[in-house]
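Chemist: To start, I am sharing the structure in question, which I have written as structure tokens.
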Amino acid sequence: MLANPIGLSTFILASPFSSEEAWAFDRVADLGYDVIEVCIEDPQKITSEWLVHESQRAGIDVGICGAFGPDRDVSDPNPHRRENGIDYLRGCVDIAAEVGSPHVAGPMFSATGRAELLEPGERQIRWQNAVESLRTVADYADDRGVRLAIEPLNRFETDMVNTVEQGLNLCDDIGRENVGLLVDTFHMNIEEKDIADAVRRAGSRIFHVQVSENDRGTPGSGHVPWDTFFQSLQDIKYSGQIVVESFLPTVKEIARAVSLWRPVAPSMESLSEDGLAFIKSMLRERSER
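Each residue of the sequence shown is one higher than the one before, counting from 3 in this note's numbering.
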């Protein structure tokens, strides 16, 4: 299998991630990761200059993902909230371009946790709002050499894009070559009939991958079908980043948003170490076949 850069999400390290966390770059590098995936929860707490300095000092790359609350909802009927979402994403794109991240990733089509039983007409309005907003952001990003990786979420975290097929439909409606998908094994384990088939169906439109176990714990410790998942990545010749993502249960806002009510690993440190070892073993097995 191709040598994918392996990353660790800052959600595992500190939240909201800020310029107080220079130690995180050393920790990620010491563990043996190639990439630190920085979630821009509060843009006021981070600068691209600081990210460049710390990543170069530690010798690792930076990936950028977003955090999407109700005030950043590009599908919202309220034009002020939509514009806030567009402005926030433009800021994430600027940071990505400045730090060398190939993408901005995340469930940027709506607010995480927004799950409503809408009438078809209302749902179509929200969908079209997201399409038009993300098309605007995609054009801005394309001018800066950045791609958008849209993440389908499970049904408990959004009512809008739950499956790879729905994500591909959204990408088609946006109609921009620099718009693709982020696939996350936690969400896929809930929503896809066959995770590997979904990966193969998306093919080259997968721009980014996040891995987490079925309980959001350490990859390899649960029942996600890892063998077929990694085989499908090899089948589509995926060469992008593979990032371990989980969440700190001590951060109440995020824990509530993702329904994380208990620890999913003995410690975030053990999750980081064991997750990396597992991914490397999966990649190594396929390279030796």
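Just so it is clear, CB atoms sit at the ideal spot from N, CA and C, and this is done for glycine as well. Source: prediction; values computed, not measured.
Given a cut-off of 8 Å, decide if Leu53 and Val95 are closer than it, judged by their beta-carbon atoms.
Modeler: Not in contact: Val95 and Leu53 (Cβ atoms no closer than 8 Å).
Chemist: Taking the alpha carbon of Ala259 as the reference point, which residue from Leu155, Val226, Ala279 and Asp174 has its own alpha carbon closest?
Modeler: Checking every option, the nearest Cα to that of Ala259 belongs to Leu155.
Chemist: Roughly how many angstroms lie between the CA atoms of Pro221 and Asp196, to the nearest whole one?
Modeler: 18 Å
Chemist: Answer with buried or exposed for Trp228, where buried requires no fewer than 16 other C-beta atoms within 10 angstroms of its C-beta.
Modeler: Of the residues assessed, Trp228 falls on the buried side of the cut-off, its CB having 16 or more other CB atoms within 10 angstroms.
Chemist: Whether or not the region 125 to 140 and the region 77 to 90 are in contact is what I'm after, with contact meaning three or more pairs of Cβ atoms, one per stretch, closer than 8 Å; do they touch?
Modeler: yes
Chemist: Residues in its own chain within less than 8 Å of Ile88 by CB, not counting five upstream and five downstream?
Modeler: Val76, Ser135, Thr138 and Val139
Chemist: I'd like the span of the beta strand (DSSP E) that includes Ala107, first residue to last.
Modeler: DSSP places Ala107 inside the beta strand (DSSP E), whose first and last residues are His105 to Gly108.
Chemist: How big is the Cα-Cα spacing for Gln233 and His82?
Modeler: 44 Å
Chemist: Please confirm whether Gly219 has its beta-carbon closer than 8 Å to some beta-carbon of chain C.
Modeler: Within the model displayed, chain C is absent; a lone protein chain is all it includes.
Chemist: Can you tell me whether DSSP reads Leu10 as helix, strand or coil?
Modeler: strand
Chemist: Beta carbon of Asn180, beta carbon of Ala143: below 8 Å?
Modeler: yes
Chemist: Pick out whichever of Met190, Leu273 and Gly242 has its Cα sitting closest to the Cα of Leu285.
Modeler: Gly242
Chemist: Figure out for me which residue from Arg92, Phe70 and Leu150 has the closest Cα to the Cα of Ala2.
Modeler: The chain is shown from 3 up to 291; residue 2 falls before or after that span and cannot be answered.
Chemist: Give me the Cβ distance between Ser251 and Leu262, rounded to the nearest whole Å; I'm assuming they're in contact under 8 Å.
Modeler: According to the sequence as given, residue 251 is Pro; it is not Ser. The Cβ separation is near 5 Å, so the contact holds.
Chemist: Do you know how far the Cα of Glu121 is from the Cα of Glu22?
Modeler: 45 Å
Chemist: Which one or two residues does DSSP pair with Glu39 in a beta bridge?
Modeler: Residue pairing from DSSP places Glu39 in a beta bridge opposite Ser11 and Gly65.
Chemist: To the nearest angstrom, how far is the alpha carbon of Gln126 from that of Ala151?
Modeler: Straight-line Cα distance between these residues: approximately 22 Å.
Chemist: Could you say which of Gly61, Leu33, Ile48 and Leu183 lies nearest to Val106 if we only look at CA atoms?
Modeler: Leu183
Chemist: Given a cut-off of 8 Å on the beta-carbon distance, is the pair Glu167 and Phe13 in contact?
Modeler: no
Chemist: Which of the three DSSP states is assigned to Thr230 in this structure?
Modeler: helix
Chemist: Would a C-beta distance cut-off of 8 Å place Ala117 and Thr160 closer than the cut-off?
Modeler: Yes, the Cβ-Cβ distance between Ala117 and Thr160 is below 8 Å.
Chemist: According to DSSP, is Thr49 part of a helix, a strand, or is it coil?
Modeler: In the displayed model, Thr49 falls within coil according to three-state DSSP, outside both helix and strand.
Chemist: Hey, could you find the ends of the alpha helix (DSSP H) Gly169 is sitting in?
Modeler: From DSSP, the alpha helix (DSSP H) with Gly169 extends over Val166 to Ile176.
Chemist: What distance in whole Å lies between the Cβ atoms of Ala99 and Val148, which are believed to be in contact at a cut-off of 8 Å?
Modeler: Between the beta-carbon of Val148 and that of Ala99 there is about 5 Å, and that keeps the pair under the 8 Å contact cut.
Chemist: Whose C-alpha, out of Gly177, Cys173, Val226 and Asn216, is nearest the C-alpha of Ile208?
Modeler: Ile208 has its Cα closest to that of Cys173, out of Gly177, Cys173, Val226 and Asn216.
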